[in-house]
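Peer 1: Chains as they are written, first to last, in this note's numbering: chain A, 1 to 274; chain B, 1001 to 1292. First the structure, which I've put down as structure tokens, then a few questions once you've had a look.
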């Protein structure tokens, strides 16, 4: 309840103030991070800081390690049994690979939206309250409020408010993806990771999700993987260009697209390869 | 220039079609064979047994006189044994499947266990009978009781349940698990709230089919010494008992031909029970698959 009210205040506050207030402290700092699948090195010596309350886009050709990288940020990459890693990833001063820092704790603060919409085969309501429920929230009134707030946050409330108890599989692909975003918002995360969230959607649904990302960055720090350069240019503040498992360039999106400092970045964004 | 000789294609056409028709006939014949034998069997059993199938048949215990013989003891014996088998085999079987699919790391040891579970499913039931006799009846001194019989049968169908449950669990899409883990759910919460609800129809279907195999099994219970002539109902888990297949076996081995008809009546009861259980399995599958 309290957080709900607090966040309403934040929403009303002018955007610049929010950014200024929190500027300076990165949400993620990555230092010399390497990752191998068995013997194949997928990520090499990655080091950069991801800023708070901004949209950071990760672009690059297929197989460059961008999905692997974003999955390392919430340790989902460890679901592949042969993964080996070295180096540090710090989330707000916690080393995420520290044994004392539980992965469940990390994932409570860092939500994720996947490439393919993956709602549970439950009702819309049950999908949204899944996260709060596993974290022990049982009060029906609070849950109801979370559902409304999350669905509004994901710009889905108006479309589904009369059928919250219907199965989520009855929604269209774009609605399902926004439901997954709502499900992610319901745990009130700090960071939202998005792994090519629009690659399975039609242009109109894509546009809705992109607009949503712009809204969400007022409250959350967003890291988005996309293979669509225009999308990165449209919605992100910072962009990292990945190539063969390395970060070629990381800078303000405007600068990266208008005046790239690396030849390979320029070749990629001008469509000479990839 | 055409590489394909159209005249030849035309010539071949007829023989290809004939071959197709002949093979269709062969496969239909194969299906028909099994069906005809089944129908003959059912017809014989029904014409033989229907005369003895009345209310008294369910109310009477075993008897020396065919007209007084009834299936009451065996029917309730089967129910008692099932009441032991169902919880024991489902809990242990599903537990094993969850461990192997969700928790166990894939290494040589788990591969070895996996291989052996599949092998166990093929072990003759009489071997399980011997195991039950040695372990439950003698070593644990349960005697020739409902409990010993039920536990032996549980072992027999465990591999089937484990394999069925594993398949059901494996068929839950990876994306759903990921969605749950990505929200900070623990493994157990994911299993409890995502994996089990999605796989329960498969698990139940496999479980019921395994159970219906158990109530038709005779050999292991003969081995541990289920009684063949029982004139009382089991009172607790340590009572002596008989089950329907054993009772039927007993009746067919009597010299009087009337008892063979009594056996046929017993078979009808057993078949109907199996049919009901299998229908429940189908119903569950349909109901849950529609909801998804």
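By construction, the Cβ of each residue, glycine as well, lies at the ideal position given by its N, Cα and C atoms.
Measure the CB-CB distance between residue 182/A and residue 153/A and report whether it falls below 9 angstroms.
Peer 2: Against a cut-off of 9 angstroms, the Cβ pair of residue 153/A and residue 182/A comes out as a contact.
Peer 1: When DSSP labels each residue in this structure, what does residue 1221/B get in the three-state scheme?
Peer 2: helix
Peer 1: Within its chain, find whatever has a CB closer than 7 angstroms to the CB of residue 1277/B; leave out the 5 residues flanking it on each side and keep chain order.
Peer 2: 1208, 1211 and 1212
Peer 1: Helix, strand or coil: how does DSSP classify residue 138/A here?
Peer 2: Here residue 138/A sits in coil by DSSP.
Peer 1: Going straight from the alpha carbon of residue 193/A to that of residue 180/A, what length do you get?
Peer 2: Between the C-alpha atoms of residue 193/A and residue 180/A there is a straight-line separation of about 12 angstroms.
Peer 1: Closer than 9 angstroms, CB to CB, is residue 1100/B near chain A or not?
Peer 2: no
Peer 1: Write down every uninterrupted run of the alpha helix (DSSP H) in the region 1177 to 1222 of chain B whose length is 4 residues or greater and which is fully enclosed by it, in chain order.
Peer 2: 1187 to 1190 and 1196 to 1216
Peer 1: Going by DSSP, what residues sit across from residue 238/A in a beta bridge?
Peer 2: 56/A and 252/A
Peer 1: Secondary structure at residue 1029/B, three-state DSSP: helix, strand or coil?
Peer 2: helix
Peer 1: Under a CB-based cut-off of 9 angstroms, is residue 1201/B close to chain A?
Peer 2: no
Peer 1: In terms of alpha-carbon separation, which member of 1094/B, 1227/B and 1231/B lies closest to residue 1061/B?
Peer 2: 1231/B
Peer 1: Find out if the Cβ-Cβ distance for the pair residue 220/A, residue 64/A is shorter than 9 angstroms.
Peer 2: No; because the gap between Cβ atoms is not below 9 angstroms, this pair is not in contact.
Peer 1: Work out the CA separation of residue 1068/B and residue 1056/B for me, nearest whole Å.
Peer 2: If you draw a straight line from the Cα of residue 1056/B to the Cα of residue 1068/B, it is about 8 angstroms long.
Peer 1: Along the chain, where does the beta strand (DSSP E) that runs through residue 112/A open and close?
Peer 2: 110 to 113
Peer 1: Go ahead and pull the three-state DSSP assignment for residue 198/A.
Peer 2: coil
Peer 1: Starting from residue 123/A, follow its DSSP beta bridges and name the residues at the other end.
Peer 2: 167/A
Peer 1: For residue 114/A and residue 1016/B, I'd like the C-alpha separation in whole angstroms.
Peer 2: 51 angstroms
Peer 1: Could you check whether the Cβ of residue 1181/B sits closer than 9 angstroms to any Cβ belonging to chain A?
Peer 2: yes
Peer 1: Can you tell me whether residue 155/A is helix, strand or coil according to DSSP?
Peer 2: coil
Peer 1: Short of 9 angstroms Cβ to Cβ, which residues in the region 129 to 161 of chain A face chain B?
Peer 2: 130, 131, 133, 134 and 135
Peer 1: Note down the Cα distance separating residue 1097/B from residue 89/A, rounded to an integer number of angstroms.
Peer 2: For the pair residue 1097/B and residue 89/A, the Cα-to-Cα distance works out to about 35 angstroms.
Peer 1: Count the CB pairs spanning the region 99 to 106 of chain A and the region 142 to 159 of chain A that are closer than 8 angstroms, and state whether there are at least three.
Peer 2: no
Peer 1: Run through chain B and tell me which residues come within less than 8 angstroms of residue 111/A, C-beta to C-beta.
Peer 2: 1182 and 1183
Peer 1: Quick check: the region 1165 to 1173 of chain B against the region 1129 to 1141 of chain B, are at least 3 beta-carbon pairs closer than 8 angstroms?
Peer 2: no
Peer 1: Could you name the residues of the same chain whose beta carbon sits closer than 6 angstroms to that of residue 1233/B, not counting the 5 residues immediately before and after it, in chain order?
Peer 2: 1076
Peer 1: Count the other C-beta atoms from every protein chain shown that fall within 10 angstroms of the C-beta of residue 13/A, then say buried if there are 16 or more, exposed otherwise.
Peer 2: Summary for residue 13/A: the model assigns pLDDT 42, below 50, so the residue's position carries little reliability; its value from the coordinates is reported in the next sentence. It counts as exposed.
Peer 1: Just to confirm my understanding: we take residue 132/A, look at its own chain, exclude 5 residues before and 5 after, and list those with CB closer than 8 angstroms. What are they?
Peer 2: 142, 143, 146, 186 and 187
Peer 1: How long is the line joining the alpha carbons of residue 233/A and residue 62/A, rounded to whole angstroms?
Peer 2: 18 angstroms
Peer 1: Can you pull the chain A neighbours of residue 1198/B, defined as C-beta to C-beta under 7 angstroms?
Peer 2: 121
Peer 1: Hey, residue 85/A and residue 112/A are a contact pair by Cβ (cut 8 angstroms); roughly how many whole angstroms apart?
Peer 2: Not quite, the Cβ-Cβ distance comes to about 18 angstroms (not below 8 angstroms), so this is no contact.
Peer 1: With a cut-off of 9 angstroms, does the C-beta of residue 1176/B fall near any C-beta of chain A?
Peer 2: yes
Peer 1: Does the contact criterion of 3 or more C-beta pairs under 8 angstroms hold for the region 1037 to 1052 of chain B versus the region 1188 to 1208 of chain B?
Peer 2: no
Peer 1: Quick one: what does DSSP say residue 78/A is sitting in, helix, strand or coil?
Peer 2: It is helical.
Peer 1: Can you give me the Cβ contacts of residue 1226/B inside the same chain, cut-off strictly under 7 angstroms, excluding the 5 residues immediately before and after it?
Peer 2: 1144, 1149, 1241, 1242, 1243 and 1246
Peer 1: Tell me whether residue 1008/B sits in a helix, a strand or coil according to DSSP, three-state version.
Peer 2: helix
Peer 1: Residue 33/A bridges to which residues according to DSSP?
Peer 2: Answer by DSSP bridge pairing, in chain order: 46/A.
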